[in-house]
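Below is one structure, written out as structure tokens; the observations come after it.
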Amino acid sequence: MLVEVTDVKGSAPRDAGAWMLVARDTIFRTIGGGQLEYMAIEHARKILSGGRDTPLDVPLGPEIGQCCGGRVSLSFRLMTHGLADELVGKVDTEIAMRPHVYIFGAGHMGGALAHALSLTPVRVIMVDTREAELMKFQEKWEPVFRPGFHGNYICDVPGVETCLSAIPEQAVRSAPPHSAFIILTHDHALDFLIAAEALQRQDAAYVGMIGSKTKKATFKNWLKREAGREDLFENLVCPIGGAVVKDKRPEVIAALAAAEILTAVLV
């Protein structure tokens with residue numbers, strides 16, 4: 034059963050167009066959670082048991098334990114082959130429109146950031162010059178699968194793509210507009226080359242490089258000397274993840290950096 038938010042008035046958990054699938058024993062995706070979603074699931078399962086496929090119009094007030102204050106209209110449609118094809122097309126379109134996030138460096142920090150971003154609506158590309166490091170990353174990677182219908186499993190989050198490149202700056206040049214570039218390689222000289230290439234793009238949504246104050250100052254001098262464009266330095270985020278939380282664990286930096294990146298690309 035396809036449950037879709039068809040109209041929203043006022044404040045609500047999700048916008049019009051949000052959808053979920055409901056079966057007798059499982060669900061896929063969400064229309065916002067809470068009592069609204071519980072009501073939708075219950076209504077959908079009544080329809081699956083032979084009830085009428087009537088729409089719902091739900092006020093989000095104290096009477097259902099939600100104080101959003103808005104109103105949500107829901108439609109309910111039984112799955113058919115045609116509707117399934119329509120949903121596949123919709124998901125393919127959503128994925129194609131996701132902003133690209135390029136992570137340069139498949140080490141501990143790069144892996145942590147890739148995992149932090151893996152459940153968000155972005156396309157993650159891991160770039161490294163070292164085949165062995167990419168292999169290690171791929172061995173650790175576990176695709177996210179959710180229970181589907183008829184005993185199958187659905188992978189609703191694309192895996193992280195990997196790219197082995199002797200010249201990683203080429204990935205910067207070929208990236209689509211509004212991409213994010215995060216530089217975390219094992220070599221500061223390589224970091225500088227990639228960062229300079231990314232900063233010269235006028236359409237990058239985010240350019241970040243891991244590093245200390247000393248590395249940041251060194252790069253600024255290098256950029257002025259090698260590229261003659263010290264003004265580009267102002268667009269660099271370094272260190273990534275902000276300066277408020279003083280924690281050097283890769284997973285913590287990754288979480289903070291992921292928030293920065295998403296703020297930049299999901300506009």
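Read in our numbering, the sequence shown has 216 at position 183, and its numbers run on one by one without any break.
C-beta atoms are modelled at their ideal positions from N, C-alpha and C, and glycine is treated no differently.
From a predicted model like this one, the values you see are computed outputs, not experimental measurements.
query                                                                                                                                                               : result
Leaving out five residues on either side along the sequence, give the residues of the same chain with a beta carbon under 7 angstroms from the beta carbon of N268. : L232, V240
Please report how far the alpha carbon of S106 lies from the alpha carbon of L81, in whole angstroms.                                                               : 19 angstroms
Considering only the alpha carbon of each residue, which of I200, G84, C101 lies closest to G43?                                                                    : C101
Could you check which residue in L35, T296, L289 has the C-alpha nearest to that of A276?                                                                           : L289
Tell me whether V124 sits in a helix, a strand or coil according to DSSP, three-state version.                                                                      : helix
Can you tell me the Cα-Cα spacing of E202 and L150, whole angstroms?                                                                                                : 22 angstroms
Using DSSP with H/G/I as helix, E/B as strand and the rest coil, what is S245?                                                                                      : coil
Please state whether DSSP places H133 in a helix, a strand or coil.                                                                                                 : strand
In three-state terms, what does DSSP make of P95?                                                                                                                   : helix
So what's V205 in DSSP terms, helix, strand or just coil?                                                                                                           : helix
What's the C-alpha gap between F266 and M130?                                                                                                                       : 29 angstroms
For L289, which three-state DSSP category applies?                                                                                                                  : helix
Give the secondary structure of A145 by DSSP, where H, G and I count as helix, E and B as strand, and everything else as coil.                                      : helix
When DSSP labels each residue in this structure, what does L107 get in the three-state scheme?                                                                      : strand
Which same chain residues, not among the five before or five after G66, have their C-beta less than 8 angstroms away from its C-beta?                               : P46
Thinking just about the alpha-carbon of each residue, which of F214, W52, A287 is nearest to the one in F137?                                                       : F214
Return the first residue and the last residue of the alpha helix (DSSP H) that E164 is part of.                                                                     : 164-173
Hey, is the stretch 235-255 in contact with the stretch 154-162, meaning 3+ C-beta pairs nearer than 8 angstroms?                                                   : no
With distance defined between alpha-carbon atoms, name the residue in V91, T39, V205, A145 nearest to I286.                                                         : A145
Can you tell me which of V124, T39, A260 puts its alpha carbon nearest to the alpha carbon of F61?                                                                  : V124
Report yes if the C-beta distance between I64 and A51 is below 9 angstroms; otherwise report no.                                                                    : yes
Mapping the DSSP letters down to three states, classify M112 as helix, strand or coil.                                                                              : coil
Quick one: grab the DSSP three-state call for M53.                                                                                                                  : strand
Is it true that the CB of H133 sits closer than 9 angstroms to the CB of S198?                                                                                      : no
Counting along the chain, where does the beta strand (DSSP E) carrying M72 start and finish?                                                                        : Run containing M72: none in the beta strand (DSSP E); it sits in the alpha helix (DSSP H), 67-81.
Do M53 and V36 come within 9 angstroms of each other at the CB atom, strictly closer than that value?                                                               : yes
Kindly indicate which three-state DSSP category R156 falls into: helix, strand or coil?                                                                             : strand
Leaving out five residues before and five after A49 in sequence, what residues of the same chain have Cβ atoms less than 8 angstroms from its Cβ?                   : V38, T39, D40, V41
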